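All remarks here apply to the structure that follows.
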């Protein structure tokens, strides 16, 4: 874990603040002077993980840069719910162009700032999984490949939520979406498709790649701060549950993100220059069933009779992540696991 | 002509104009729930609050101690002799191990004595005079609370020293006398008048003669119950209460090498452990039921067993003769009641100590109109008042569990009702909050932290001396232990609600001690703050539509 673990009985560094800590030891989100980069009145659904993740990430970036920050936003929920004409929820210079070009727009802003000698102003590009992994992917890969001085943040809610929950290349196997119906012999999204954006980003050997969830605020903030210490292309992939699209209770957004990490389904790690440098260990391991049951998009797996074979395949995927990334605590041969991971992923451009 | 650019018709605005609170069907509301420790405390201590104070360390300790002193004037005594039902109820017990509340209380009590912390009278003098009969835990506790409220209090005790069963019932190895003396002295320093060797023979006469407006009776239960055991002339039989009381005198009682204690309560354990320390090679407890059904507390039984006290279950004593006891084996019937089997055996014993319970000497109440006695104890109402107006009673002489903590709780309760009665009103306790049960917590957020063990005196010294058996915590251990508290049902300012709201609808008030507020203009009612509150201090309330 990149952030300093505070050995502190009661709540340690699991909560946002903690009255017993010095103010500078508390998270950005615990501070009264946090920037609220995404302010109230936005039209995100109740319990929106993306709204939460975006404020966590951008407030941390604002603090890390002393407020010298510009953001380019892809089309998607985040753009639509925050800026219905003529209102805006953004409290930083913010630009929206098209669905697919956010990384290119961000590259352009960085180039312009460089040309004007304003390199103290930092640039963030951001979008959902559709705008990042699918529609904006060419621009993103180009931005990585040129090592443009941009931090791109993907808020991954695993489908096109804004247009009515259509499958993206980040949609997990077996999940129900508007166009992967729970019917037929393999209901929901098929196995063996989709892509792993953080590993692809690592394959570009850019300075910094990290994954995070909205369930671990301090970890997320530490990764944004760390990303801001580098110049060049950086990528942070934030797991943000979507109550509407996933069919989960609005109060469960953080719990589901926590379960995604604790099951091993979403490995939380960071990598520098193409190499994994830290992984967040699983604290209380749970079977994937607990994660799946909390979401209606997987409800067809638990009908009578339950599709245990599908649940087992999903569990196998989580187990593979646990092996690949060495997610269990007290892993005796952690470096060995990392070496294997590198062998598996080291297929980037030579 | 518009001055706006081409195709722009509206001014740029902030989304703050969009009051998303109108979406809400449920609202988040901050609440305080009743922590299970507070709920279980017979003295009604606000345990969660004083642990919260102590968690800060440093100056927080004194604040914590003062919070205890609101409810109970004996923190250092409690920290040693209380059977801590709070720890049995503690939610942390379901997570790893209960918080060592008792050991923290002891640390705070000892700190107070070491640092000489004092308390003050809070109320203006009322001119009312209250007589307390009996200087045990309930009498002294009542006197303490009444004195702080501004009343003039006199405590009469028939014995030569104050403390009641804390002195004459609880052995020194559990409660060192300097600790007891210090906490009693603090009460007397409030201006409480203590008269020792002053036996009240008629409560009404004494009240009239000396002009008391109210009385609190707390004479305790100092008479050992006798059971009829046929005994030869040479048999040495004494009761446990007398044995323990005589430990406070000049001469130590002679018990011999083999001592048998008859009974299964805490007094039996105390008597057996005392006998061991007086040099008995064997101390055997004879009890007619099983260990599971023994009323003595587990911890004390374990400590006694570690010290070599032997237990003989399912046995009654039929006869005592010279150096021998005839013991009959028992078996439990379906209802769990012991029945004789007719099978007997002999047990060698130089003395037999009877620990079969205690009774109260109620002679001072003779002729008091309205007063009711049932099963040897005085009946009192929920306000601790007897059937006679102005005469209240508590402690071992009323129907209740007989522990120091229950007695201290009686004292607090009685004092509040006596105070209200003297002022011509009635004390109405504040309504209790809903219980903060384990399922209302989000335990993910609490660090894993096993309990600290208190040091224990080595066995060799426990067999021969009356040194205190259980040691206290040092400062860092006490702080660690206090910080294991989950703060069930009460906000402890962790900022999590402020952090997790996707709509920035939680307002941090900021000043020390101030918590948070919900901005209902923007709260959409998602419930994330409630779900992610570690301590269960927020709830969702349906909106009226």
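Protein chains in written order, with our numbering: chain C, 6 to 355; chain X, 309 to 853. Glycine is no exception: its CB is placed at the ideal position from the N, C-alpha and C atoms. Just so it is clear, the structure is predicted and the values come from calculations on it, not from any experiment.
Bridge partners - residue i, DSSP secondary structure assignment
i, result
"residue 627(X)", "634(X)"
"residue 322(X)", "93(C)"
"residue 242(C)", "159(C), 216(C)"
"residue 547(X)", "662(X)"
"residue 101(C)", "78(C)"
"residue 620(X)", "594(X)"
Residues near residue i in its chain [Cβ-Cβ closer than 7 Å; skip 5 each side]
i, result
"residue 841(X)", "750, 804, 805"
Closest residue to residue i among the options (Cα-Cα distance)
i, options, result
"residue 62(C)", "281(C), 315(C), 227(C), 254(C)", "227(C)"
"residue 683(X)", "700(X), 459(X), 722(X), 706(X)", "706(X)"
"residue 336(X)", "603(X), 833(X), 718(X)", "833(X)"
"residue 218(C)", "97(C), 167(C), 258(C)", "258(C)"
"residue 504(X)", "440(X), 520(X), 446(X), 767(X)", "440(X)"
"residue 214(C)", "175(C), 25(C), 65(C), 280(C)", "280(C)"
"residue 555(X)", "490(X), 478(X), 494(X), 571(X)", "478(X)"
"residue 509(X)", "675(X), 529(X), 726(X), 627(X)", "675(X)"
"residue 249(C)", "29(C), 92(C), 104(C), 52(C)", "52(C)"
"residue 739(X)", "319(X), 465(X), 340(X)", "340(X)"
Cut-off 6 Å between Cβ atoms - residues of its own chain near residue i, not counting five sequence neighbours on either side
i, result
"residue 69(C)", "230, 233"
"residue 111(C)", "77, 128, 130, 155"
"residue 547(X)", "532, 662"
"residue 328(X)", "830, 832"
"residue 192(C)", "305"
Minimum Cβ-Cβ distance from residue i to chain X less than 9 Å
i, result
"residue 259(C)", "yes"
"residue 144(C)", "no"
"residue 44(C)", "yes"
"residue 37(C)", "yes"
"residue 48(C)", "yes"
"residue 90(C)", "yes"
"residue 20(C)", "yes"
"residue 53(C)", "yes"
"residue 156(C)", "no"
"residue 190(C)", "no"
"residue 255(C)", "yes"
Rounded straight-line distance, which links the Cα of residue j to that of residue i
i, j, result
"residue 507(X)", "residue 438(X)", "16 Å"
"residue 630(X)", "residue 656(X)", "9 Å"
"residue 456(X)", "residue 330(X)", "51 Å"
"residue 121(C)", "residue 236(C)", "17 Å"
"residue 268(C)", "residue 308(C)", "22 Å"
"residue 359(X)", "residue 368(X)", "9 Å"
"residue 517(X)", "residue 746(X)", "55 Å"
"residue 619(X)", "residue 593(X)", "5 Å"
"residue 762(X)", "residue 406(X)", "14 Å"
"residue 331(C)", "residue 287(C)", "9 Å"
"residue 535(X)", "residue 663(X)", "10 Å"
"residue 748(X)", "residue 843(X)", "7 Å"
"residue 296(C)", "residue 264(C)", "6 Å"
"residue 293(C)", "residue 342(X)", "35 Å"
"residue 485(X)", "residue 533(X)", "26 Å"
"residue 434(X)", "residue 560(X)", "46 Å"
"residue 88(C)", "residue 310(C)", "45 Å"
"residue 201(C)", "residue 210(C)", "15 Å"
"residue 189(C)", "residue 319(C)", "18 Å"
"residue 411(X)", "residue 781(X)", "7 Å"
"residue 767(X)", "residue 393(X)", "27 Å"
"residue 343(C)", "residue 329(C)", "Bear in mind that the predicted position of residue 343(C) carries a pLDDT of just 49, short of 50, making it unreliable; the figure below should be weighed with that in mind. If I take the Cα positions, the gap works out to 7 Å."
"residue 356(C)", "residue 95(C)", "For chain C, the structure presents residues 6 to 355; residue 356(C) sits outside this window and is missing."
Neighbourhood of residue i by C-beta distance below 8 Å, restricted to the same chain and skipping five residues each side
i, result
"residue 681(X)", "670, 673, 687"
"residue 391(X)", "605, 607, 711, 713"
"residue 621(X)", "595, 597, 598, 599"
Min CB distance residue i to chain C below 9 Å
i, result
"residue 328(X)", "yes"
"residue 399(X)", "no"
"residue 791(X)", "yes"
"residue 382(X)", "no"
"residue 808(X)", "yes"
"residue 518(X)", "no"
"residue 754(X)", "yes"
"residue 358(X)", "no"
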